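Numbering (my numbering), first residue to last: 17 to 513.
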Ligand code: FRU
C-alpha cells in the first residue's frame with residue numbers, strides 16, 4: 017500500500033475512518049501541541065511510525081486552515097538515543113514564547129518521565145531540543161508519587177505557569193502547579209487541585225491524572241484530567257469552578273464524554289475566534305492483534321467546542337464548520353414509530369454519515385435509532401433513550417459479529433424537559449461513532465461491524481408509539497487535502513460511491 021493511499025484513508029480497510037484523523041500507518045494516541053499559529057492550526061499526536069502498538073513515541077504533525085481539512089507534515093519530534101527522551105517523546109503542549117514556537121513535553125527514559133523543551137526556527141516545521149533538557153530534574157522532593165507526566169502551560173501577568181499530571185500515593189490524582197520566568201527554570205508551588213481515590217461521588221477520579229488541561233471558560237475555570245488507575249485508562253473528567261490564590265475550587269465534576277476510554281487524553285486550545293476547541297483520542301476497542309494486522313491504530317475525535325452549561329457542567333459540541341464535509345443530503349419524512357418493531361429508513365445507508373434527528377418517545381416509552389445494521393439484523397449499534405431512567409445509551413452488544421471487539425454498552429445521564437424531543441447529532445465514520453444529544457451529553461466510541469452490508473439505519477420505539485419528528489442526513493467527504501483542490505474532492509467522491 018503506498019503512502020499516498022494511506023494518506024487518504026485506505027479504501028481497502030473498512031474500519032479506517034475517512035473524516036477523522038488517523039495515522040498514515042502505525043500507532044496514534046493523545047493529541048498534543050494544539051496551537052493556532054497565524055492563520056493555521058497545528059496539531060501533533062503521540063505516534064509510533066514503526067507499528068500499530070505503543071512504543072518509541074514520536075510527535076506526528078498535521079496542519080489545517082479551517083479545522084476540518086488536514087495536511088500531513090513531517091514528524092516533529094523523535095526520541096534521541098541516550099537522552100532524556102530516549103524511550104519516547106510523550107505528551108505535551110505548544111506555546112508561543114514571544115514569537116518562538118516552543119514545545120514542552122514529557123521525555124521518557126529509564127529515569128522516568130521528565131519535562132523537556134524544544135523550539136522551532138522555521139515556523140513549526142523542524143524542532144531543536146533544548147541542550148539543557150530535562151528542564152525539571154524530576155518530581156518535587158518530598159512528594160510520594162504514583163506517576164508524574166504531561167503538561168499544560170499558560171502565561172500569567174508575572175510569568176509562565178505549568179501543570180503536570182501526577183498521582184499522590186495514599187491520596188489520588190493531582191495537577192501539580194509550577195511557575196517559571198522563561199519556560200526553562202521551573203519552581204514547584206503546590207497542587208492546583210488533587211482528588212481522593214477513595215471518593216466515588218459525583219464521579220470517581222482514580223489514583224493518577226494524565227494530561228491535565230486548564231483554562232478559563234465563561235466565568236469559571238476548567239480543569240480536564242484523564243483518570244488513570246492501575247495501568248488502566250478510564251475516562252475523562254471535567255471540573256469547573258473558581259481559580260483564586262493559585263488553587264482551583266471545583267464546583268462541578270462530570271465525565272466529559274460517556275464513551276469512557278474511547279474519548280481519552282483530550283487537549284484543548286483557543287482558536288483565532290476565541291473558542292476553546294478540544295480533540296480527544298478515540299482508543300481502539302478491537303484486539304491488539306487486529307490492530308497489528310490492520311497496520312494502524314487510533315483516531316482523533318472531531319474538533320469540538322467546549323461550553324459551560326448553566327449548572328457549570330462542561331459540554332462539548334461539534335464545530336459548525338464540519339458542515340463543509342457534507343456531500344449528499346437525504347431527508348427522511350416524519351412518521352410514527354410503532355412500538356416493538358423496527359422502522360427501516362430505507363432512504364439512508366452508509367458507513368460514513370452525519371445524522372441529525374428529532375425523536376419523541378411515547379408516554380413511558382423508549383425511542384432510538386439503530387445504525388450500521390445488517391439486513392438480517394445480525395449486526396447493529398443502537399442509540400436508545402429511556403425517559404424513565406433518564407438515560408441515553410450506546411448499545412454495542414451486537415455492533416460486531418467479531419467477539420474479540422469491545423461490545424460493552426455506554427450510558428449517559430440525560431434529562432429532557434417536558435415535551436422536549438430527543439435531539440441526536442450522530443457522526444458515523446466506519447469504526448468511529450460520535451453521538452451528541454440535546455447539547456448536553458456526548459458518547460463517543462468504536463464499533464467494528466464485520467459485514468460490508470451492515471449499513472442500514474432504522475428507528476425504533478419500545479412500550480409505546482413514538483414519533484420521528486425530523487431526520488436529515490448526509491454522506492461525508494474525506495478530511496484529507498485541500499477542499500479547493502478538485503483532484504482531492506473527485507478522488508474522494510469516486511472512492512465512496
Ligand atoms: C495518555 C498517556 C500520557 C503519556 C502518553 C504516552 O494516554 O499515557 O500520560 O504522556 O500517553 O504516550
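Cβ atoms here follow ideal geometry from the backbone N, Cα and C, with glycine treated the same way.
Here the structure is a predicted model, which means the values were calculated and not measured.
Just curious, the alpha helix (DSSP H) that residue i is in, first and last residue?
i	result
residue 305	304 to 310
I'd like the list of long-range same chain contacts for residue i, defined as Cβ closer than 6 Å, with 5 residues on each side in sequence excluded.
i	result
residue 441	372 and 452
residue 224	162, 163, 183, 189 and 244
residue 340	84
residue 228	168, 179, 181, 191 and 241
residue 80	57 and 86
residue 30	none
residue 28	none
residue 159	none
residue 211	188, 189 and 221
residue 246	none
residue 52	287 and 288
residue 508	Low local confidence applies: a pLDDT of 40 at residue 508 is under 50, so the model's placement there is unreliable, with the coordinate-based value given in what follows. Excluding positions up to five away in sequence, the list reads 493 and 494.
residue 145	134
residue 155	161 and 164
Between the options, which has its C-alpha nearest residue i's C-alpha?
i	options	result
residue 78	72, 65 and 61	61
residue 170	113, 254, 334 and 329	113
residue 336	350, 319 and 49	319
residue 93	126, 134, 59 and 329	134
residue 268	329, 208 and 301	329
residue 427	474, 194, 495 and 272	272
residue 435	446, 454 and 199	454
residue 407	425, 393, 421 and 392	425
residue 13	36, 266 and 148	Since the first and last residues shown for the chain are 17 and 513, residue 13 lies out of range.
residue 489	277, 362 and 326	362
residue 49	203, 128, 159 and 75	75
residue 445	431, 494 and 423	494
residue 88	53, 64, 40 and 97	40
residue 344	334, 129, 360 and 369	369
residue 325	144, 105, 54 and 456	456
residue 422	136, 262, 64 and 397	397
residue 351	366, 374, 367 and 153	374
residue 392	289, 91 and 358	358
residue 485	432, 353 and 399	353
residue 172	157, 295, 433 and 197	197
residue 262	205, 290, 252 and 234	205
residue 282	143, 216, 153 and 250	250
residue 360	280, 327, 450 and 487	487
List the endpoints of the continuous beta strand (DSSP E) containing residue i.
i	result
residue 47	42 to 53
residue 429	426 to 429
residue 336	Unbroken run through residue 336: none, as it is neither H nor E.
residue 216	First-last for residue 216: undefined, no H or E at that position.
residue 74	74 to 80
residue 253	248 to 260
residue 3	In this structure the chain extends from 17 to 513, so residue 3 is not present and cannot be described.
residue 402	397 to 402
residue 63	56 to 64
residue 237	236 to 245
residue 268	263 to 271
residue 285	280 to 286
residue 411	407 to 411
So residue i packs on residue j, CB below 8 Å; how close in whole Å?
i	j	result
residue 1	residue 110	There is no way to answer for residue 1, as the model of the chain reaches only from 17 to 513.
residue 44	residue 314	3 Å
residue 274	residue 458	7 Å
residue 125	residue 108	The Cβ separation is near 15 Å, so there is no contact.
residue 331	residue 323	5 Å
residue 284	residue 277	Incorrect: roughly 19 Å between the Cβ atoms, too far for contact.
residue 366	residue 491	6 Å
residue 377	residue 430	About 12 Å; that fails the 8 Å criterion.
residue 462	residue 301	4 Å
If I measure Cβ to Cβ from residue i and keep anything under 8 Å in the same chain, skipping five residues before and after, which residues do I get?
i	result
residue 395	388, 389, 414, 415, 416, 417, 465, 466, 467 and 470
residue 381	355, 403, 477, 478, 479, 480, 481 and 482
residue 237	230, 231, 256, 257, 258, 259 and 264
residue 308	67, 68 and 69
Can you list, in chain order, the residues of its chain with a C-beta nearer than 7 Å to that of residue i? Leave out the 5 residues immediately preceding and following it.
i	result
residue 364	346, 348, 473 and 489
residue 151	131, 132, 133, 200 and 202
residue 524	Residue numbering for the chain in the displayed model covers 17 to 513; residue 524 lies beyond these limits and cannot be assessed.
residue 72	64, 66, 95 and 104
- Message: Please give the ranges of any beta strand (DSSP E) in the region 422 to 483, keeping only runs that are unbroken, at least 3 residues long and fully inside the region.
- Response: Secondary structure within the region 422 to 483: the beta strand (DSSP E) runs of 3 or more consecutive residues, fully enclosed, are 426 to 429, 438 to 445, 448 to 453, 457 to 462 and 472 to 478 (chain order).
- Message: Threshold first: 3 residues or longer. Then list the beta strand (DSSP E) segments lying entirely within the region 165 to 234, N to C.
- Response: The region 165 to 234 contains, as complete beta strand (DSSP E) runs of 3+ residues, the segments 175 to 184, 189 to 196, 203 to 210 and 224 to 233 (chain order).
- Query: Where are the beta strand (DSSP E) runs, 3 residues long or more, that stay fully inside the region 344 to 369, in chain order?
  - Reply: Runs of the beta strand (DSSP E) inside the region 344 to 369: 351 to 353 and 358 to 365.
- Item | Uninterrupted beta strand (DSSP E) stretches inside the region 117 to 150 (no shorter than 3 residues) | Secondary structure within the region 117 to 150: the beta strand (DSSP E) runs of 3 or more consecutive residues, fully enclosed, are 128 to 135 (chain order).
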